[in-house]
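Undergrad: Structure below; questions to follow.
Quick look at the structure:
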């Protein structure tokens, strides 16, 4: 049994209980077979990605909520900066990268 499999199984159980759902309710909402959630929560089958996506949708959680991952504010700003940079034409990207590198060298 892998740590990831154990984490996913526990996370499904925690989120299901938080939503006030029984295993049967989750199975119905995620269109899964009888006792499938029980088996997942007890580490019996290896869960497929598509099945996990169905379960996440039924629990109304996104990937960052399911895996309990949050970006730090600084990371978020950095991601926005990189996305904005990628949206520019290549010649402007090169100019900005050169300018940023110059500023960073001067501020050390």
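Residue numbers (my numbering): 2 to 109. In this text, a Cβ means the ideal position worked out from N, Cα and C, and glycines have one as well.
1. Would you kindly check if the distance between the Cβ of residue 55 and the Cβ of residue 33 is under 8 Å?
2. Quick check: residue 30 and residue 59, are their CB atoms within less than 8 Å of each other?
3. Would you kindly report the start and end of the unbroken alpha helix (DSSP H) that includes residue 65?
4. In the DSSP assignment, find the unbroken alpha helix (DSSP H) run with residue 10 in it and report its ends.
5. Just to confirm my understanding: we take residue 63, look at its own chain, exclude 5 residues before and 5 after, and list those with CB closer than 8 Å. What are they?
6. Contact check, residue 12 vs residue 67 under 8 Å by CB: the rounded distance?
7. Given a cut-off of 8 Å on the beta-carbon distance, is the pair residue 53 and residue 101 in contact?
TA: Once the coordinates are examined:
1. With contacts defined by Cβ atoms closer than 8 Å, residue 33 and residue 55 form a contacting pair.
2. Cβ distance < 8 Å, so residue 30 and residue 59 count as in contact.
3. First-last of the alpha helix (DSSP H) with residue 65: 64-67.
4. Residue range 4-19 is occupied by the alpha helix (DSSP H) that includes residue 10.
5. Cβ within range, chain order: 57.
6. Contact check for residue 12 and residue 67: beta-carbon distance about 6 Å, within the 8 Å limit, so the pair qualifies.
7. No, the Cβ-Cβ distance between residue 53 and residue 101 is not below 8 Å.
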